[in-house]
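To start, the structure under review is shown below, and the notes come after it.
There are 2 protein chains.
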Amino acid sequence: MKQIDSTKNTTVKLIKQLTKRKKREKEQLFVIEGRHLVEEALVYGNLITDIFVIADELLPPEEKRKNIPITIVTEAVMKDMSQTVTPPGIIALCQMIPDEAVEPEENEMYVLVDNVQDPGNLGTIIRTADAVGAKAVILGEGTVDVYNDKVIRSTQGSFFHVPVLQGELEDWIKRCRDNSIPVFGTSLQGGTTHTAIEPQPGFALIIGNEGAGVNEKLLEKTDQNIYVPIYGKAESLNVSVATGILLYYLHKVN
Amino acid sequence: MKQIDSTKNTTVKLIKQLTKRKKREKEQLFVIEGRHLVEEALVYGNLITDIFVIADELLPPEEKRKNIPITIVTEAVMKDMSQTVTPPGIIALCQMIPDEAVEPEENEMYVLVDNVQDPGNLGTIIRTADAVGAKAVILGEGTVDVYNDKVIRSTQGSFFHVPVLQGELEDWIKRCRDNSIPVFGTSLQGGTTHTAIEPQPGFALIIGNEGAGVNEKLLEKTDQNIYVPIYGKAESLNVSVATGILLYYLHKVN
Chain S
1 MKQIDSTKNT TVKLIKQLTK RKKREKEQLF VIEGRHLVEE ALVYGNLITD
51 IFVIADELLP PEEKRKNIPI TIVTEAVMKD MSQTVTPPGI IALCQMIPDE
101 AVEPEENEMY VLVDNVQDPG NLGTIIRTAD AVGAKAVILG EGTVDVYNDK
151 VIRSTQGSFF HVPVLQGELE DWIKRCRDNS IPVFGTSLQG GTTHTAIEPQ
201 PGFALIIGNE GAGVNEKLLE KTDQNIYVPI YGKAESLNVS VATGILLYYL
251 HKVN
Chain G
255 MKQIDSTKNT TVKLIKQLTK RKKREKEQLF VIEGRHLVEE ALVYGNLITD
305 IFVIADELLP PEEKRKNIPI TIVTEAVMKD MSQTVTPPGI IALCQMIPDE
355 AVEPEENEMY VLVDNVQDPG NLGTIIRTAD AVGAKAVILG EGTVDVYNDK
405 VIRSTQGSFF HVPVLQGELE DWIKRCRDNS IPVFGTSLQG GTTHTAIEPQ
455 PGFALIIGNE GAGVNEKLLE KTDQNIYVPI YGKAESLNVS VATGILLYYL
505 HKVN
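Quick note, the sequences are listed as chains S and G, same order.
First residue of the first sequence: 1, per my numbering; consecutive thereafter.
First residue of the second sequence: 255, per my numbering; consecutive thereafter.
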């Protein structure tokens with residue numbers, strides 16, 4: 001087993017540089033923290049290239065981690081590499097997941113994400129999409145990078161369960177509709193209460209930016225635009241909460 | 255107008271000390287950031303004792319802020335006082351809101367919060383409770399302090415719309431049931447799918463800790479325990495998302 005005890009080590013520096021999107025895209029690498037995410041990545045398959053750990057006992061069992069190189073690091077090094085206030089003691093370097101070609105299928109659910117900015121919101125949306133059984137999450141231009149460490153942490157492992165793709169949302173709307181999948185936009189203006197829609201065996205739901213909502217151009221191309229009514233004095237719902245309410249309402253359970 | 259240009263000023267030090275719960279409780283003061291929250295606090299009534307601002311134009315109009323003392327601070331001082339990465343340039347010192355005596359009423363909604371730890375989750379739950387029209391949010395022992403700056407920011411102003419009380423949850427369950435308000439706990443073990451319950455004109459919903467869920471002792475005292483089913487591979491939903499799904503499902507619209 002290798003050991004690193006200096007924060008000046010080049011691998012430590014690389015891990016830290018990977019907090020930047022540009023560096024991640026250049027190297028096609030990203031970083032995950034914590035035993036739970038490391039185990040989920042191992043289940044997914046050949047993603048992890050290196051594991052860094054402060055103590056042997058934090059490692060997943062040997063048969064799960066196969067021949068992935070392990071490096072023991074000091075607590076100071078771990079703290080330096082970690083993006084969390086309380087470092088979990090285990091970090092893995094991973095190769096990016098290549099986008100698979102997903103063709104929208106009738107009776108399946110898709111979540112189209114337009115310009116969501118907050119990493120915690122995007123991560124939670126992916127987690128909820130996984131929970132409801134969605135087939136894929138499609139990120140339009142302007143949405144926060146899914147490889148951002150806070151996005152991945154907030155997915156609580158769902159990042160490894162449901163395909164998350166970059167996509168052109170106008171094109172996705174068209175392809176869904178061409179495949180008999182109804183497309184619902186979310187909009188406070190000119191939309192209808194979500195409960196006016198019948199639950200559907202399959203659908204695409206477009207959710208939008210925390211402040212500005214879904215782009216008008218996209219809203220013009222949907223089958224119907226909907227919103228979650230506000231009965232109290234709140235101006236709006238958190239976008240990931242609204243997504244949860246809509247996905248679970250629209251999802252027709254067989 | 256007063257001016258502060260040193261981070262060593264005693265008021266600046268006080269604002270910073272108020273990030274600690276103990277200090278807040280001793281002084282019965284808390285801090286809010288940003289023009290939106292300051293305006294919501296002004297609408298609420300006599301809460302703000304002082305406003306600190308980097309420039310006049312960030313202030314709410316004079317007729318709204320009445321005779322509240324204003325202090326102009328330098329950007330360096332604002333940065334020092336602020337808990338956010340991008341300080342909004344306006345901060346207010348507020349007196350705590352005394353708990354009102356709320357008696358549970360039939361056909362009203364109540365959210366009972368057992369041991370929720372994450373400030374963002376609690377704030378989002380309060381925001382959602384406001385949105386659905388709940389009458390009050392009751393925080394049981396162990397739940398993160400509602401005066402935590404991140405909780406208040408995450409409520410997006412709903413903290414000033416819906417009463418948020420400290421309470422003994424066992425007592426609240428009893429009082430709700432005595433007043434013909436059905437009480438639903440949330441539990442993955444031994445609960446029923448939420449959609450097996452009919453929407454109700456009024457109810458109390460108990461939500462629990464991010465990891466451990468609702469305390470067993472409380473679950474034994476409810477009318478029914480429910481859960482949101484998982485159709486995909488996620489282990490669970492985020493607690494504020496689950497709360498949103500349940501509140502909007504259970505809420506019977508007249």
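For glycine and all other residues, C-beta sits at the position ideal for the given N, C-alpha and C.
- Taking residue 30 of chain S as reference, the option from S:82, S:181, S:4 and S:118 with the minimal CA-CA separation is S:82.
- Interface annotation for the segment 482-507 of chain G against chain S: 482, 483, 484, 485, 486, 487, 488, 489, 490, 491, 492, 494, 495, 496, 497, 498, 499, 501, 502, 503, 505 and 507, criterion Cβ-Cβ distance under 9 Å.
- Contact annotation: the segment 52-71 of chain S does not touch the segment 163-174 of chain S, with fewer than three C-beta pairs closer than 8 Å.
- Taking a beta-carbon distance threshold of 9 Å, residue 382 of chain G counts as an interface residue toward chain S.
- By a beta-carbon distance limit of 8 Å, residue 393 of chain G does not contact residue 386 of chain G. Their separation comes to about 17 Å.
- Against chain G, a Cβ distance below 8 Å from residue 158 of chain S picks out 486, 487 and 488.
- The C-beta of residue 212 of chain S comes no closer than 9 Å to any C-beta of chain G.
- By the Cβ rule, the segment 90-104 of chain S does not count as touching the segment 440-449 of chain G, because fewer than three pairs are nearer than 8 Å.
- Annotation: residue 222 of chain S has no Cβ neighbours in chain G at a cutoff of 9 Å; minimum Cβ distance is about 21 Å.
- With the criterion set as a beta carbon lying under 8 Å from some beta carbon of chain S, the segment 288-311 of chain G has no members that meet it.
- Take residue 154 of chain S, set aside five residues on each side of it, and the residues of its chain with a beta-carbon closer than 6 Å to its own are 120, 123 and 124, in chain order.
- Between residue 106 of chain S and the set S:39, S:7, S:13 and S:176, the nearest pair of CA atoms involves S:176.
- Close partners of residue 445 of chain G in chain S (Cβ separation under 9 Å) are lacking, with about 16 Å as the shortest Cβ gap.
- DSSP lists no beta-bridge partner residue for residue 356 of chain G.
- Identification of chain G residues near residue 124 of chain S by a Cβ-Cβ cut-off of 7 Å yields 492 and 495, ordered along the chain.
- Under the Cβ criterion of 9 Å, residue 336 of chain G is not counted among the residues facing chain S.
- Contact of residue 132 of chain S with chain G is assigned, a C-beta pair being separated by under 9 Å.
- Rounded to whole angstroms, residue 398 of chain G and residue 462 of chain G show a C-alpha spacing of 12 Å.
- In this structure residue 496 of chain G is not in contact with residue 364 of chain G, their Cβ atoms being roughly 17 Å apart against a cut-off of 8 Å.
- Within chain G, no C-beta atom comes less than 8 Å from the C-beta of residue 144 of chain S; the nearest is roughly 15 Å away.
- Proximity to residue 334 of chain G across G:272, G:292 and G:442 peaks at G:272, based on C-alpha coordinates.
- DSSP links residue 113 of chain S through a beta bridge to S:139 and S:207.
- In this structure, residue 185 of chain S sits near residue 225 of chain S, with a CB-CB distance shorter than 9 Å.
- By alpha-carbon distance to residue 477 of chain G, the top candidate from G:493, G:483, G:467 and G:454 is G:454.
- The alpha carbon of residue 367 of chain G has as its nearest neighbour, out of G:286, G:490 and G:396, the alpha carbon of G:396.
- Identification of chain G residues near residue 120 of chain S by a Cβ-Cβ cut-off of 8 Å yields 374, ordered along the chain.
- Bounds of the alpha helix (DSSP H) holding residue 298 of chain G are 289-298.
- A Cβ of chain S is located within less than 9 Å of the beta carbon of residue 408 of chain G.
- In this structure, residue 240 of chain S sits away from residue 84 of chain S, with a CB-CB distance that is not shorter than 9 Å.
- For the segment 146-213 of chain S, the full-length beta strand (DSSP E) segments reaching 3 residues or more read 164-166, 183-186 and 203-207 along the chain.
- Looking at the DSSP output, residue 307 of chain G sits in a beta bridge with G:326 and G:344.
- Comparing alpha-carbon positions, the option among S:157, S:75, S:58 and S:40 lying closest to residue 12 of chain S turns out to be S:75.
- Going by DSSP, residue 499 of chain G is part of no beta strand (DSSP E) but of the alpha helix (DSSP H) stretching over 493-504.
- Under the three-state reduction of DSSP, residue 125 of chain S is assigned to helix.
- Rounded to whole angstroms, residue 244 of chain S and residue 46 of chain S show a C-alpha spacing of 31 Å.
- Spatial neighbours of residue 405 of chain G in its own chain (CB-CB distance under 6 Å, excluding positions within 5 residues in sequence) are listed in chain order as 373, 376 and 377.
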